[in-house]
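Structure first, commentary second.
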Amino acid sequence: MDLIADQISHRFDGLDVLDRVSFTVASGEVVAIVGPSGCGKSTLLSILGGLLRPSEGAAELRGAPPADSLNPLTFVFQDFALLPWCTVEANIEFPLVHTVLDPAARKAVVDDALRRTGLSDFRGAYPKQLSGGMRQRVGIARALAVRPAILLMDEPLSALDSQTRELLMEDFIRLLADGTMGAVYVTHNLEEAVRLADRIVVLSRRPGRIREIVTIPMTRAERGGIDARGKLLSLQNQLWSLIREEAIDAEREVQHA
Amino acid sequence: MLDRAPQETIGAESQPRPVIFRGAGFTPSAGRASGWIALGLVIAFWQLAGSAGWVNPLFLPAPSAIAVAIYKLALSGALWQHVSASVVRIGSGWLIGTVLGVIVGFGIGLSTLARGVGITFISALFPIPKIALLPLLILWLGIGEEPKIATIALGVFFSTAISVYSGVDAVPRNLIRMAQSFNVPFHAIVLRVIWPGALPSILAGFRITASVALLLVVSAEMIGAQFGIGAFVLQAGNLMQTDQLLAGVVILSLFGLAVGKAINVLEARLLHWR
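Protein sequence lines, in the order shown, are assigned to chains A and B.
For what it's worth, the numbering used here labels the leading residue of the first sequence as 1, then goes sequentially.
For what it's worth, the numbering used here labels the leading residue of the second sequence as 258, then goes sequentially.
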């Protein structure tokens with residue numbers, strides 16, 4: 001199943017946020033969206049996920065989702081969005097309760113998601129008892145439980161410390177390794193973008209327009225090697241040169257707002 | 258290999274001195290024992306003042322006299338007659354006001370139309386002292402229990418509606434968006450996200466409405482009732498039976514404490530996740 005951004009423009013309170021953004025996320029592909037602060041990255045993701053109606057253009061799906069997918073477009077949120085009154089297990093089960101799955105099947109799905117994210121020992125814990133990294137793992141487990149075709153990740157690591165970020169980045173790479181699940185990954189962090197994405201959509205400052213779409217010329221498996229580090233760093237610098245001036249302008253704009 | 262810095266040495270000319278602690282205070286905690294001791298001391302002093310004749314018992318009877326009055330009331334059966342009349346009025350009025358307040362509060366919290374209409378009416382009617390409506394309610398509903406219960410229900414309704422819609426407004430929007438992103442149906446979002454998210458505010462509202470109900474039942478009973486704690490206190494005051502008057506006040510205080518405890522238990526059970 002492909003996800004298509006078709007000429008998406010968005011205006012909010014008289015402010016142009018996005019301007020004719022078009023690209024396609026092919027089945028199993030990971031596309032990162034980067035750009036200066038306030039360029040509309042998260043707004044674009046909300047539009048792609050059907051949580052926000054664009055002023056113009058549309059988000060479209062092409063092809064059928066996998067037969068067993070319960071929610072083809074599934075978000076992983078920056079702030080985890082866990083229900084604080086529910087245990088880890090109940091949080092993961094939350095999106096399944098109103099699906100076709102019976103309780104036994106739900107339990108099996110939850111058990112599998114807990115196992116895949118290393119949370120089996122924490123099923124009875126409440127979110128307040130968990131670290132930031134563990135909370136995001138619950139968010140990821142909840143997303144995996146509905147077997148998405150495309151994960152929509154809105155800066156999923158930005159609220160975490162660098163060590164936890166690194167561990168979760170490894171988890172993401174592992175989860176996306178078989179190519180059955182695609183992702184749109186919004187981030188400020190260029191290193192995360194080059195490590196995870198197949199292509200990187202670079203947005204200009206507000207109103208966000210596509211400045212460039214950069215293809216990463218190696219597989220994710222190849223990026224772990226020492227030889228790849230130089231190439232990835234060079235790509236990162238290339239991306240930074242694309243957005244540096246605008247990032248400075250955006251920073252000044254925010255400060256003067 | 259990492260270079261290690263040499264161990265720092267402290268010269269005789271610079272003797273170490275402790276860093277002055279500046280972090281004291283601003284962290285009060287409620288010590289249960291100190292509260293009970295203070296209460297015991299006040300009652301003891303009050304008793305001493307009464308027993309020693311420092312105060313006229315007509316104006317301020319000693320705690321022992323109040324305890325005796327309560328005991329006699331209990332023995333005669335009058336205590337239960339008055340307390341049960343008040344409890345029935347409070348219970349009915351609170352329940353009606355709470356159910357309506359929760360429904361209207363959720364309506365205001367969830368619907369644009371209900372918000373527009375509801376907030377206008379609540380803003381206009383909430384400041385009216387509800388006891389001022391009792392004569393009108395007597396005209397409408399007669400002189401039985403109905404106007405007293407309606408007065409309590411009105412007082413409880415407005416506070417409940419406000420606390421419920423404030424609670425609904427306070428539910429983090431990201432949780433609602435999360436539920437929507439998983440295609441969770443509207444009714445399930447209300448039941449499984451908004452209701453538990455608004456519960457802290459709703460329970461805080463219950464605490465306020467319980468006090469409002471107590472205040473209004475006493476006021477309503479003072480205006481037009483034969484039985485009930487408010488009627489009993491007024492009657493005792495008219496007859497200068499200050500020990501009985503204060504017995505009624507103590508019973509009201511105990512009732513308020515019991516309701517507060519019940520809400521504490523409810524909070525502990527329902528909000529254990531906080």
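All C-beta atoms, glycine included, are put in the ideal place defined by N, C-alpha and C.
As the structure is a prediction and not an experimental result, all values here were calculated from the model.
Between residue i and residue j, what straight-line distance do the alpha-carbon atoms span, to the nearest angstrom?
i: A:Ala26; j: A:Tyr126; result: 37 Å
i: A:Val34; j: A:Leu232; result: 16 Å
i: B:Gly350; j: B:Gly481; result: 16 Å
i: A:Thr117; j: B:Pro285; result: 41 Å
i: A:Glu246; j: B:Asn440; result: 37 Å
i: A:Ser46; j: A:Ala59; result: 10 Å
i: B:Ala578; j: B:Val475; result: This structure cannot speak to residue 578 of chain B, because chain B is shown only from 258 to 531.
i: A:Pro207; j: A:Leu101; result: 43 Å
i: B:Val299; j: B:Ser343; result: 29 Å
i: B:Lys329; j: B:Lys405; result: 28 Å
i: A:Gln236; j: A:Leu196; result: 12 Å
i: B:Phe316; j: B:Leu514; result: 25 Å
i: B:Ile446; j: B:Ile433; result: 7 Å
i: B:Ala519; j: B:Gln338; result: 23 Å
i: A:Pro66; j: A:Asp178; result: 14 Å
Using only the heavy atoms of the ligand HEM, determine whether one of them is closer than 8 Å to the beta carbon of residue i.
i: A:Asp178; result: Of ligands this structure carries none, so the ligand HEM is not represented either.
Per DSSP, residue i is paired with what?
i: A:Arg199; result: A:Val31, A:Thr215
i: A:Thr24; result: A:Ile4
i: A:Ile140; result: Answer is none; A:Ile140 lacks a bridge partner.
i: B:Val328; result: The question names Val, but residue 328 of chain B is Tyr in the sequence shown. Paired residues: none, contrary to the question.
i: A:Asp16; result: A:Arg11
i: A:Ile210; result: A:Leu203
Going along chain E in order, which residues have a C-beta closer than 8 Å to the C-beta of residue i?
i: A:Tyr126; result: The question asks about chain E, but that chain is absent: this structure's protein chains are A and B.
Check whether the Cβ atoms of residue i and residue j lie closer than 9 Å to each other.
i: A:Glu192; j: A:Ala32; result: yes
i: A:Leu3; j: A:Ile210; result: no
i: A:Val76; j: A:Leu119; result: no
i: A:Leu48; j: B:Gln437; result: no
i: B:Ser468; j: B:Val421; result: no
i: B:Ile451; j: B:Phe415; result: no
i: A:Pro95; j: A:Val146; result: yes
i: A:Phe250; j: A:Gly38; result: Note that residue 250 of chain A is Ala in the sequence shown, not Phe. It is a contact, given that the beta carbons lie within the stated cut-off.
i: B:Val507; j: B:Ile294; result: no
i: A:Leu239; j: A:Leu190; result: yes
i: B:Gly412; j: B:Leu473; result: yes
i: B:Gly494; j: B:Ala418; result: no
i: B:Ala410; j: B:Leu357; result: yes
i: B:Gly375; j: B:Ile385; result: no
i: B:Ala335; j: B:Phe489; result: yes
i: A:Val202; j: A:Ile243; result: yes
i: A:Gly139; j: A:Ile173; result: no
Could you check where the alpha helix (DSSP H) with residue i kicks off and where it finishes?
i: A:Met169; result: 162-175
i: A:Ala5; result: Unbroken run through A:Ala5 is the beta strand (DSSP E), 2-12; no alpha helix (DSSP H).
i: A:Phe75; result: Not the alpha helix (DSSP H): A:Phe75 falls in the beta strand (DSSP E), residues 73-76.
i: B:Met497; result: B:Met497 -> no alpha helix (DSSP H), and no H or E assigned at all.
i: B:Ile385; result: Here B:Ile385 belongs to no alpha helix (DSSP H), and DSSP marks it neither H nor E.
i: A:Arg223; result: Where A:Arg223 is concerned, there is no enclosing alpha helix (DSSP H), given that its DSSP letter is neither H nor E.
i: B:Gln483; result: Looking at the DSSP string, B:Gln483 is not in any alpha helix (DSSP H), and its letter there is neither H nor E.
i: B:Arg346; result: 335-367
Which residues bound the beta strand (DSSP E) around residue i?
i: B:Arg531; result: Looking at the DSSP string, B:Arg531 is not in any beta strand (DSSP E), and its letter there is neither H nor E.
i: A:Gly182; result: 182-186
i: A:Leu152; result: 150-154
Length-filtered (3 minimum) beta strand (DSSP E) runs lying within the segment 267-321 of chain B:
For the segment 267-321 of chain B, not a single whole beta strand (DSSP E) run of length 3 or above is found.
Write down every uninterrupted run of the alpha helix (DSSP H) in the segment 394-480 of chain B whose length is 4 residues or greater and which is fully enclosed by it, in chain order.
Counting only runs of 4 or more, we get 403-427, 430-438, 443-446.
Going along the chain, which unbroken runs of the alpha helix (DSSP H) with 4 or more residues stay wholly within the segment 44-124 of chain A?
Listed in chain order, the complete alpha helix (DSSP H) runs (minimum 4 residues) inside the segment 44-124 of chain A are 88-93, 103-116.
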